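Everything on this sheet refers to the single structure shown next.
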Amino acid sequence: MIAEVYGVTPQARLLACLLGVALCGWTWTRLRKRALLLSVGSILTAVGLGLVAFSLAPVAFDFIAYRLGVKYPPLLYLIIALLVLAGLLLHLAARISVLDSRCRRLTQEISLLTADLEPRRYERPRPTDVRPGR
Amino acid sequence: MRARESAEDIYVVIPAYNEGRSIARVVERVRAFFPTSIVTVINDGSSDDTAEKAAAAGAHVINLPFNSGYGVALHTGLIWAYRQGAEQVITQDADGQHDAAEARKLLDALRDGADIALGSRYRAGSQCYRVPVSRRLGAMLFAWLLTRLSRTEITDPTTGFQALNAKALKVLVQLPDFPERTPDADVLLFARRSGCHIVEVPVAMYADESNDSMHGLWKSLFYVPKMLVAMFAVMLNRPREKTVLPGGGAR
Chain X
0 MIAEVYGVTP
10 QARLLACLLG
20 VALCGWTWTR
30 LRKRALLLSV
40 GSILTAVGLG
50 LVAFSLAPVA
60 FDFIAYRLGV
70 KYPPLLYLII
80 ALLVLAGLLL
90 HLAARISVLD
100 SRCRRLTQEI
110 SLLTADLEPR
120 RYERPRPTDV
130 RPGR
Chain U
0 MRARESAEDI
10 YVVIPAYNEG
20 RSIARVVERV
30 RAFFPTSIVT
40 VINDGSSDDT
50 AEKAAAAGAH
60 VINLPFNSGY
70 GVALHTGLIW
80 AYRQGAEQVI
90 TQDADGQHDA
100 AEARKLLDAL
110 RDGADIALGS
120 RYRAGSQCYR
130 VPVSRRLGAM
140 LFAWLLTRLS
150 RTEITDPTTG
160 FQALNAKALK
170 VLVQLPDFPE
180 RTPDADVLLF
190 ARRSGCHIVE
200 VPVAMYADES
210 NDSMHGLWKS
220 LFYVPKMLVA
230 MFAVMLNRPR
240 EKTVLPGGGA
250 R
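Heads up: the protein sequence lines correspond to chains X and U, in order.
According to numbering that gives the first Met the number 0, the residues represented by the first sequence are 0 to 133, in order.
According to numbering that gives the first Met the number 0, the residues represented by the second sequence are 0 to 250, in order.
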């Protein structure tokens, strides 16, 4: 039997279950408060549910690994973990790039508006030369 | 579009970060040579008295709320000039490297039909301080690459001493992702691909008074691959005619 060779101890299953439940709980709490991106919350929920599923039926994961041709099941877990992390990294990198661009534009707009609203603070050299925007 | 003769149209954009020691002299020098020009200093979150000294010297000051990078400061100044309806814009550094007296040559190049006139420190006839070998090699690499990609002979792609006409100004303001730190060869390549005629003019340049160049050793090492990727990204993008301007302003 697979479970006899690569058995998962009850303690490890309990730990995986608790981690999964905690991750799902934290994610859903943040989602409820609208303090987490829905896309990131989806990924974390999938990871949490995966941990719970693993704790309930570790043999099923080993079976899937063997069916995929992976002789050493923990290697499959490592690959899945790396893929999830890579996906999260790519998503966050894209998200940060967009936010950085928007933040920069807002910064520029704030500066330009402030410069227009505070003419007394820094007196312009020749106000009459500055023509209104087209 | 031909540049107008009137000096009233000249906007001078000077990005500045902690240049309290030199900014007043730079602004005064510009105002001495172009008395009717509108000098705008973009204070890039300086922690010293750059803004106060620039204002005291007669410049219009735009304050960025925090240090955002040379590119962001420059782009902010260009947007401001664009919204004021500028026909001719001169950009120069705040550290005293560029001499306002030389800007006349750039404006003459605009008058002769160029859209962007670059002040070159490497072209024959220029007067240049001693540039570190690493920076010189980097400049040569990107000059070679830019010359081939843009089919325009360029020797100094990192110069911040430039003159733009209204057409080039519009192109640069509408650049979707203006580089945050080092708007050099990639911006010129974008402008060229957008139909701008670029001309180089030999000018005199002097050593950075503060000796605090943007291109330090580590930054220089990172600069090369970053700029190569940036140029590749420009080559991938087709210049668009209509782009939403930052803030929604359009003309």
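All C-beta atoms, glycine included, are put in the ideal place defined by N, C-alpha and C.
Source: prediction; values computed, not measured.
Is the Cβ of L14 (chain X) closer than 9 Å to any Cβ of chain U?
no
Please list the residues of the segment 70-98 of chain X that have a C-beta atom closer than 7 Å to any C-beta atom in chain U, keeping them in chain order.
none
With 9 Å as the threshold, decide whether the Cβ of L63 (chain U) is near any Cβ in chain X.
yes
Here's the rule: buried if 16 or more other CB atoms are within 10 angstroms of the residue's CB, otherwise exposed. What is D92 (chain U)?
buried
Report the neighbours of L116 (chain X) on chain U: residues whose CB is nearer than 7 Å to its CB, in chain order.
Ordered by position in chain U, no residue passes the 7 Å Cβ test against L116 (chain X), which lies about 12 Å from the chain.
Closer than 7 Å, Cβ to any Cβ of chain X: which residues of the segment 78-95 of chain U, in chain order?
I78, W79, R82, Q83, G84
Helix, strand or coil: which one does DSSP assign to Y128 (chain U)?
coil
Can the beta-carbon of L168 (chain U) be found closer than 9 Å to that of H74 (chain U)?
no
For chain U, is any of its Cβ atoms less than 9 Å away from the one on I1 (chain X)?
Low per-residue confidence applies at I1 (chain X): pLDDT is 47, beneath 50, and the placement is therefore not dependable, though the value from the model is reported in the following sentence. For I1 (chain X), the answer is no, since every Cβ of chain U falls outside 9 Å of its Cβ.
When U:D114, U:Q96, U:E51 are compared against I197 (chain U), the one with the closest alpha-carbon:
U:D114
Is L163 (chain U) helix, strand or coil when you go by DSSP?
strand
Beta carbons nearer than 9 Å to chain X: which residues of the segment 152-186 of chain U have them?
P175, D176, F177, E179
Do you know whose CA, among U:L109, U:Y10, U:G112, lies nearest V40 (chain U)'s CA?
U:Y10
May I ask you to list, following chain order, the residues of the segment 65-76 of chain U that have a beta carbon less than 8 Å from some beta carbon of chain X?
F65, S67, V71, H74, T75
With three or more C-beta pairs closer than 8 Å as the rule, is the segment 57-66 of chain U touching the segment 15-31 of chain U?
yes
Is the shortest distance between the beta-carbon of I115 (chain U) and the beta-carbons of chain X less than 9 Å?
no
Taking the continuous beta strand (DSSP E) assigned at P178 (chain U), which residues delimit it?
Counting along the chain, P178 (chain U) falls outside any beta strand (DSSP E), and DSSP gives it neither H nor E.
Considering only DSSP beta bridges, list what T90 (chain U) is partnered with.
U:V12, U:Q161
Assumed close pair T154 (chain U), R122 (chain U) - CB separation to whole angstroms, cut-off 8 Å:
5 Å
Just verifying my parser: in three-state terms, what is the DSSP assignment at P201 (chain U)?
strand
On the CB-based measure, 16 or more other CB atoms within 10 Å of its CB, does V12 (chain U) come out buried or exposed?
buried
Pick out whichever of X:L111, X:L105, X:V83 has its Cα sitting closest to the Cα of I78 (chain U).
X:L111
What do you get for D94 (chain U), buried or exposed, if any count of 16 or more other CB atoms within 10 angstroms of its CB means buried?
buried
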